[in-house]
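> I am attaching a structure below and will ask some questions about it afterwards.
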Amino acid sequence: MQINKELIEKYNNPVPRYTSYPPANHFSDSFTADNYKELIQTSNTSQPEHIAFYVHIPFCKQICYYCGCNALPINNKNEIDKYIQALKKEIKLVISMLDKNRKVSQIHYGGGTPNAIEARYLKEINELFSINFSFIDRPEIAIEIHPGIINKAYIDELFNAGFNRFSIGIQDFDENVLKSVNRKPSAIPIEELMHYMRSNPQTAGLNLDFIYGLTGQTVENFTNAIQKAIEVRPDRLVTFSYAHVPWLKKHQQILKKKGLPSSDEKLNMFLAAYNLLQKEGYQPIGFDHFALPDDELSLALNNHYLHRNFQGYCTRRTTGQVYAFGVSGISQIDNGFAQNTKDIFKYNHLLNNGILPTEKGITINYEQKIIRELIIQLMCNQYINWAQIAKSFNTSAEKIKQLVNFNQDQLDTLVSDGLISYTNDDLRVSEIGNFFIRNIAVLFDPAYKLVENKYSKTV
Ligand SMILES: C[S@@+](CC[C@H](N)C(=O)[O-])C[C@H]1O[C@@H](n2cnc3c(N)ncnc32)[C@H](O)[C@@H]1O
Ligand code: SF4
266 MQINKELIEK YNNPVPRYTS YPPANHFSDS FTADNYKELI QTSNTSQPEH
316 IAFYVHIPFC KQICYYCGCN ALPINNKNEI DKYIQALKKE IKLVISMLDK
366 NRKVSQIHYG GGTPNAIEAR YLKEINELFS INFSFIDRPE IAIEIHPGII
416 NKAYIDELFN AGFNRFSIGI QDFDENVLKS VNRKPSAIPI EELMHYMRSN
466 PQTAGLNLDF IYGLTGQTVE NFTNAIQKAI EVRPDRLVTF SYAHVPWLKK
516 HQQILKKKGL PSSDEKLNMF LAAYNLLQKE GYQPIGFDHF ALPDDELSLA
566 LNNHYLHRNF QGYCTRRTTG QVYAFGVSGI SQIDNGFAQN TKDIFKYNHL
616 LNNGILPTEK GITINYEQKI IRELIIQLMC NQYINWAQIA KSFNTSAEKI
666 KQLVNFNQDQ LDTLVSDGLI SYTNDDLRVS EIGNFFIRNI AVLFDPAYKL
716 VENKYSKTV
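Quick note on my numbering: the sequence shown kicks off at 266 and runs consecutively.
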């Protein structure tokens with residue numbers, strides 16, 4: 266794939282990432298724990314029927330300067346214990362409201378660094394879920410792993426706790442790059458780590474995460490890192506574009522001072538990685554994920570049933586309504602979203618008093634659900650079939666087009682730039698268009714307003 270500079274200049278605008286619709290900055294502070302409870306009640310009888318749990322473990326042994334996640338440095342062990350006690354209280358409160366006849370399809374532990382805490386905590390939480398619910402066949406029990414602090418005994422404990430999918434945060438293999446961003450390299454050589462995890466039959470998948478656009482990265486050293494990753498054949502690989510948002514994450518200012526690659530260099534890193542991964546048989550999923558051709562995600566994309574939530578891509582098989590636990594966790598229920606406080610002291614305090622730590626959220630209406638579905642279809646499957654979406658919402662294609670301010674002139678511009686093709690019935694995103702998918706999605710978002718310094722740029 267080649268992308269010319271004029272296109273980048275034209276479309277490199279700050280637009281939402283659309284990891285959710287409406288985007289998280291639309292969540293309202295007036296949304297309360299009672300509103301969340303109402304969402305939970307209605308979720309018991311709405312689709313998707315499956316249950317997904319997200320558990321946020323905010324702790325990290327050290328903070329990487331690029332980090333955009335909700336992460337906290339560990340000050341003392343006591344703090345972890347207090348947090349886990351509060352987390353269990355939250356889980357019990359929510360579980361008591363859930364219909365136990367629904368099955369769990371996915372559990373995802375993210376952070377922070379879930380493997381920065383003792384594995385026994387993770388096991389105890391998984392047990393809380395497994396004694397209360399039954400699971401679908403082949404559920405996904407996934408965890409994000411920092412390889413800089415892992416050892417084999419700990420990996421065994423993760424298997425013992427029930428985990429079957431591991432996302433390993435490599436970011437880059439270049440030790441100079443890692444040093445500049447305050448990150449430890451993998452404690453076990455990657456070949457050995459992958460081999461060890463794969464040799465356990467419980468492993469359903471291994472993912473590797475990379476970031477491009479960091480201090481010290483060049484097209485050459487980033488391509489070398491991706492080449493090294495390809496040699497260990499992960500099932501999935503992600504190349505995240507470094508999101509520089511120093512107005513939200515103060516520590517990122519350090520990287521700006523040290524020097525960051527230009528947008529041009531960043532784009533070339535992405536393209537070099539993209540072309541290499543494709544040449545080596547990986548299928549692009551969305552604009553930054555890649556999967557082996559026989560991976561569930563590739564099959565779902567080819568059949569237009571790929572889906573996503575805040576935790577990443579999933580398929581209609583594993584999709585569930587997501588109940589999130591822990592500081593900053595965002596629940597994604599059919600009728601809306603609810604986000605917990607990001608303040609760990611407040612979080613612990615509220616739960617110790619039996620109160621759900623909901624801080625903001627949004628209840629969404631029928632129209633917003635339609636737009637959400639349309640944006641999910643675009644972002645995941647790069648395809649919209651108006652009649653199909655209309656059918657699932659019991660409405661007409663014409664009404665949906667009105668709802669999203671369907672604008673033929675804007676679409677024709679995208680067509681002449683080679684980003685999409687469309688007919689009366691459907692719309693397809695091209696390979697290049699997929700790179701600008703956020704800029705395409707924004708045209709169907711009637712609530713979008715251009716505001717500088719609110720979203721990261723496309724490149
Ligand atoms: C919660 S972190 C992963 C778990 C673990 N703490 C680690 O660092 O390996 C999830 C992923 O988000 C990505 N990430 C973090 N900060 C980012 C940023 N500012 N821009 C883009 N991706 C970012 C990283 O690739 C990281 O692996
Ligand atoms: S990237 Fe991972 S390890 Fe680094 S600070 Fe963020 S959450 Fe923690």
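Just so you know, even glycine gets a beta-carbon here, dropped at the ideal spot from N, CA and C.
Taking the alpha-carbon positions, what's the Thr580 to Leu272 distance?
Their backbone Cα atoms lie some 31 angstroms apart in a straight line.
> Any idea if Thr310 is buried or exposed, counting beta-carbon neighbours within 10 angstroms, 16 or more meaning buried?
exposed
> If you measure from the CB of Tyr507, is any heavy atom of ligand 1 nearer than 7 angstroms?
Yes, since a heavy atom of ligand 1 falls inside the 7 angstroms radius drawn around the Cβ of Tyr507.
> Say whether the region 452-468 touches the region 413-425, bearing in mind that this needs 3 or more beta-carbon pairs closer than 8 angstroms, one atom from each stretch.
Segments in contact, yes.
> Please determine whether the Cβ atom of Ala452 lies at a distance below 7 angstroms from any heavy atom of ligand 3.
Absence of ligand 3 is noted for the structure shown, with ligand 1 and ligand 2 being the only ligands found.
> On the DSSP letters alone, give me the boundaries of the alpha helix (DSSP H) that Tyr637 sits inside.
The question names Tyr, yet the displayed sequence has Arg at residue 637. Tyr631 to Ile641 is the extent of the alpha helix (DSSP H) around Arg637.
> Shortest alpha-carbon distance to Glu457 belongs to which of Asn489, Val497 and Tyr477?
Checked all of Asn489, Val497 and Tyr477; the closest Cα to Glu457 is Val497.
> Going by C-alpha distance, which of Asn341, Thr284 and Asn397 is nearest Ala381?
Comparing Cα-Cα distances from Ala381 to each of Asn341, Thr284 and Asn397, the minimum goes to Asn341.
> Heavy atom of ligand 1 less than 7 angstroms from the Cβ of Gly377, yes or no?
yes
> CB-CB under 6 angstroms to Glu355, same chain, minus the five flanking residues each way: which ones, in chain order?
Phe590 and Leu616
> Identify which residue in Asn568, Gln548 and Phe487 has its Cα closest to the Cα of Leu532.
Checking every option, the nearest Cα to that of Leu532 belongs to Phe487.
> By Cβ distance, which residues of its chain are closer than 6 angstroms to Arg693, with the 5 residues on each side in sequence left out?
Tyr648 and Ser686
> With distances taken Cα to Cα, identify the nearest neighbour of Gly626 among Leu639, Ile641, Phe602 and Gln642.
For the options Leu639, Ile641, Phe602 and Gln642, the alpha carbon positioned closest to that of Gly626 is the one of Phe602.
> Along the chain, where does the beta strand (DSSP E) that runs through Glu344 open and close?
Segment Lys342 to Ile360 is the alpha helix (DSSP H) holding Glu344; no beta strand (DSSP E) there.
> Enumerate, from N- to C-terminal direction, the unbroken beta strand (DSSP E) stretches of 3 or more residues contained entirely within the region 424-500.
430-436 and 470-477
> Measure the C-alpha to C-alpha separation of Lys368 and Glu274 and round it to an integer number of angstroms.
47 angstroms
> Between Tyr374 and ligand 1, is the CB less than 7 angstroms from at least one heavy atom?
no
> Do Tyr477 and Phe555 have their beta-carbon atoms positioned less than 8 angstroms apart in this structure?
no
> Just how far apart, CA to CA, sit Ile328 and Ala336?
7 angstroms
> According to DSSP, which residues form a beta bridge with His373?
Tyr319 and Ala407
> Name the residue from Asp346, Tyr330, Glu389 and Asn397 whose alpha carbon lies nearest to the alpha carbon of Val359.
Asn397
> Pull up the distance between the alpha-carbon of Phe552 and that of Ile705, whole angstroms please.
12 angstroms
> When the Cα atoms are used, what is the spatial distance from Pro313 to Asn429?
Distance between the alpha carbons of Pro313 and Asn429: 23 angstroms.
> Should Ile476 be counted as a contact of ligand 1 given a C-beta to heavy atom distance under 7 angstroms?
Checking every heavy atom of ligand 1 against the Cβ of Ile476, one is found closer than 7 angstroms.
> By Cβ distance below 6 angstroms, which residues in the same chain neighbour Tyr713 in space, the five residues on each side in sequence not counted?
Val707
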